[in-house]
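Just so you know, the sequences run in chain order A and B. If you want my numbering, it's the position in the first sequence, counting the first as 1, plus 268. If you want my numbering, it's the position in the second sequence, counting the first as 1, plus 29. In this text, a Cβ means the ideal position worked out from N, Cα and C, and glycines have one as well. Model, not experiment: these values are computed from the prediction.
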Amino acid sequence: MTSSHQPVWVERPNRVVTTIKGILIGAILLVMIYPLAYVILNSFAGPEATTTAGLIPSEWSLSSYSTIFKGGIVQRSLIVSILITLVGTALSLVVTSTLAYALTKTRQVPGIRPALYLVLLTMIFSAGIIPNYLVVKAFGLLDSYWSLIVPVLASAFNVVVMRNFFMQLPRELFEAARIDGAGELSIFIKIVLPLSKAVLAVIGLFYAVSYWNSFFNALLYLNDSSKWPIQLVLNSYVLQGASMSSMNGAEMYNLPSSQSVQMAVLVTATVPILIVYPFLQKYFTKGVLTGAIKG
Amino acid sequence: MTSIQGRGMTDREAVAARPGATTLIPPDPRSSPPAGRMRRLAHALRQHKVIYLLLLPGMLYFLVFHYLPLGGVSIAFMDYSPFLGLSGSTWSGLDNFAKLFDDPEFVGTVRNTLIISFLQIAFAFPAPILLALLLNSLLSERTKRVVQAVVYLPHFLSWVIVIAVWQQVLGGAGALADLFQRLGLDGVNVMANAETFKILLTSQVIWKDVGWGTIIFFAAIASIPPQLYESAAVDGAGSLRRTWHITLPGILPVMVLLLILRLGNVLSVGFEQILLQQPSVGAEAAQVLDTFVYFRGVLGGDWGIGAAAGLLKGAIGTLMIVAANRIAHRAGSEGLF
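This is the structure:
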């Protein structure tokens, strides 16, 4: 009947087992969805509404959002985060794709193989927080927006994923272009990149998500709170403001400390992820990344 | 050839040794006899100029931000002061390590790290396997896809967002507290309870990453030949026995590999996750190695001691990954590298 695409040997579902599975799945969905739905819906509660465990606020209003977008630190931090994400993702894609393409030439070009090993090796060690901080400081990047981009410009994992993708492109195309007199640069720009839109998209999305979510680097490298990205503002205003007894936090940022405003800040920081999520899911379920892990 | 490869990898040389004038007359590769390493190097650089230029920005990044910091590890052996810098500070041998081991806070830090790691291996590690098996047993493809779309999502949210959401639901002014109040019970604040903090951490890790963790197991399940299930069914094995005798053995290599790698990372427990919540539960319950390095070294100014703790963690971590990989090989798995 409904399970016509199932193989014939699959037995008819047992009613008890089906019920248990249904309850389990329902419980999982509830635990995953309820917190997000609770925060999103209650961020539209009016200033007079009291917070309850219910999903539907007693009074609807956009006042929390108008409070945030009147200007001030939340709005400014959103602009910072958007710019960091856009510039960072573009630079990361340029550096990752050029490096990944150069690293496909292990056979043809001397020196490429050791370079590949140097990149791969960075996956198993990290110098640690303090040595990284000292390098960023030595380059004068403290309190600069570049400190959120340059130290995390490329990840070895993404380089490997992209290199594997480039390696799978049909060689005949390169040979044909070479016979037509194309140099390496025009092969890379006119043949390799256009054929690699899928992998560029998925890796670009992963970089964008990590720039948007970046928290600790900003905490470590930016002392000037006027430069803070949204995640840091979210931490001070929503998390620390909520757990510290003193309300200095709220005054400092010139925001009323109502719960729905906190939720509105939280939703604003989450929305960009929710927007790109369908695209992300489309790609990673296709196995773009799992295939690369084995490679 | 090998000697050229050894030299050719420093890309700064590649640029320095490429004077603009010579590029005007590219020499025929076959006509210039390689007379010595420098000549051959210069030749390779000219011939593959574009590739080296494409290599340059990325390699520069990895050298500067992954290899150069290794030099900064030396402050673990120094009486480091930021005002004097690396060159002005005096060497102190193993003093920082001696101080570290005499520090009662460090002992508690290591204990917290290991307990949290153990809880995560015991509970957060098997969770995706169970979820993957449950989803795999569903007959309806549509239900499966809906559940997947929901459970993958939290992986992409930052820890700040995840903890803020939990705070709104389980915190002192959150939904759970409201529910308890209405039932006439005392208020609860799960988020600020130091005693149950480690369980809270594990639950958060499961909530955020259980879905993401299933992906690799789905890939493993998909690679099991369907004929195995068919013949087992014909032989009278029910769905539970098929799971036990076919699916589980089929994904066992992946499970072993991931478990070994997880053991290799035993000293790494969610740094941001714990850092964000330390103010609400206190350092005694929530100090782990990474947060110790940050609070002692960066914020407290004990740079040498912080760096020593960081070096210990990093060195043990790297050694354990290499050892774990070797064990994976011995167990017949391909390993990570």
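Query: Just to confirm, are serine 187/B and glutamine 499/A a CB contact at a threshold of 8 Å?; Result: yes
Query: So which residues on chain B does phenylalanine 393/A lean against when the C-beta distance must stay under 7 Å?; Result: Gly343, Thr347
Query: Alpha carbons only, please: which of Gly379/A, Ile471/A, Ala406/A is nearest the one belonging to leucine 113/B?; Result: Ala406/A
Query: Select from Gly137/B, Gly333/B, Gln76/B, Tyr96/B the residue whose C-alpha is nearest the C-alpha of glycine 122/B.; Result: Gly333/B
Query: Quick check on methionine 430/A - is its C-beta less than 8 Å from some C-beta in chain B?; Result: no
Query: Under 8 Å between C-beta atoms, does leucine 292/A make it to chain B?; Result: yes
Query: Going by DSSP in three states, threonine 119/B sits in which element: helix, strand or coil?; Result: strand
Query: Run through the segment 321-402 of chain A for me and flag every whole alpha helix (DSSP H) of 4 or more residues, listed as ranges in chain order.; Result: 331-336, 341-370, 380-389
Query: Once you ignore the five residues that flank threonine 558/A on each side, which residues in its own chain have a CB closer than 6 Å to its CB?; Result: Low local confidence applies: a pLDDT of 47 at threonine 558/A is under 50, so the model's placement there is unreliable, with the coordinate-based value given in what follows. Same-chain partners within the cutoff: there are none.
Query: Jot down the residue ranges of each uninterrupted beta strand (DSSP E) in the segment 81-133 of chain B, minimum 3 residues, whole runs only, in chain order.; Result: none
Query: So, using beta-carbon positions, are isoleucine 150/B and leucine 230/B closer together than 8 Å?; Result: no
Query: Taking the alpha helix (DSSP H) that leucine 190/B belongs to, which residues open and close that run?; Result: Just to set this straight, residue 190/B is isoleucine in the shown sequence, not leucine. Looking at the DSSP string, the run of the alpha helix (DSSP H) that includes isoleucine 190/B is 188-199.
Query: Since glutamate 452/A meets chain B, which of its residues come closer than 7 Å, beta carbon to beta carbon?; Result: Val79, Ile80
Query: Suppose contacts are defined by Cβ-Cβ distances below 8 Å. Is tyrosine 96/B in contact with alanine 422/A by that definition?; Result: no
Query: Under the three-state reduction of DSSP, which class applies to alanine 336/B: helix, strand or coil?; Result: helix
Query: Taking just the CA atoms, how far does lysine 289/A sit from asparagine 282/A?; Result: 11 Å
Query: Between leucine 74/B and tyrosine 81/B, is the Cβ-Cβ spacing less than 8 Å?; Result: yes
Query: Looking only at its chain, what residues have a beta carbon closer than 7 Å to the beta carbon of isoleucine 352/A, apart from the 5 residues adjacent to it on each side?; Result: Tyr413, Leu416, Ile417, Tyr479, Pro497
Query: For chain A, check one thing: does any of its Cβ atoms lie closer than 8 Å to the Cβ of tryptophan 195/B?; Result: yes
Query: Can you give the Cα-Cα distance for isoleucine 392/A and glycine 293/B, rounded to whole angstroms?; Result: 10 Å
Query: Could one say the Cβ of glycine 328/A lies closer than 8 Å to chain B's Cβ atoms, at least one of them?; Result: Going by the sequence as given, residue 328/A is tryptophan instead of glycine. No, tryptophan 328/A lies away from the interface with chain B (no Cβ there is under 8 Å from its Cβ).
Query: Around the C-beta of valine 263/B, are 16 or more other C-beta atoms found within 10 angstroms, so that it is buried, or is it exposed?; Result: exposed
Query: What first and last residue would you give for the alpha helix (DSSP H) that runs through valine 460/A?; Result: No alpha helix (DSSP H) contains valine 460/A, which DSSP labels as neither H nor E.
Query: Determine whether the beta carbon atoms of leucine 29/B and isoleucine 345/B lie at a separation below 8 Å.; Result: In this structure chain B extends from 30 to 366, so residue 29/B is not present and cannot be described.
Query: Assuming glutamine 302/B is part of the alpha helix (DSSP H), what are its boundary residues?; Result: 300-310
Query: So the candidates are Gln233/B, Phe321/B, Glu259/B; which of them puts its Cα closest to the Cα of leucine 341/B?; Result: Phe321/B
Query: Return the first residue and the last residue of the alpha helix (DSSP H) that phenylalanine 425/A is part of.; Result: 424-436
Query: Assuming threonine 536/A contacts leucine 354/A (C-beta within less than 8 Å), just tell me the rounded distance between them.; Result: 17 Å between Cβ atoms; not a contact.
Query: Quick one: Cα of leucine 288/B to Cα of asparagine 165/B, how far?; Result: 21 Å
Query: Report the residue ranges of all alpha helix (DSSP H) runs contained in full by the segment 224-311 of chain B; include only those spanning at least 4 residues, in chain order.; Result: 226-251, 255-263, 268-271, 277-293, 300-310
Query: Distance, Cα to Cα, tyrosine 181/B vs valine 239/B?; Result: 8 Å
Query: Would histidine 274/B be called buried (16 or more neighbouring beta carbons within 10 Å of its own) or exposed?; Result: exposed
Query: For glycine 19/B and glycine 311/B, what's the separation of their Cα atoms in angstroms?; Result: In the structure displayed, chain B extends from 30 to 366; residue 19/B sits before or after that span and is not available.
Query: Near asparagine 141/B, which residues of its chain fall below 8 Å by C-beta distance, leaving aside the five closest residues on each side in sequence?; Result: Lys227, Ala314, Ala315, Gln316, Val317
Query: Sort out for me which residues DSSP pairs alanine 313/A with in a bridge.; Result: Trp328/A
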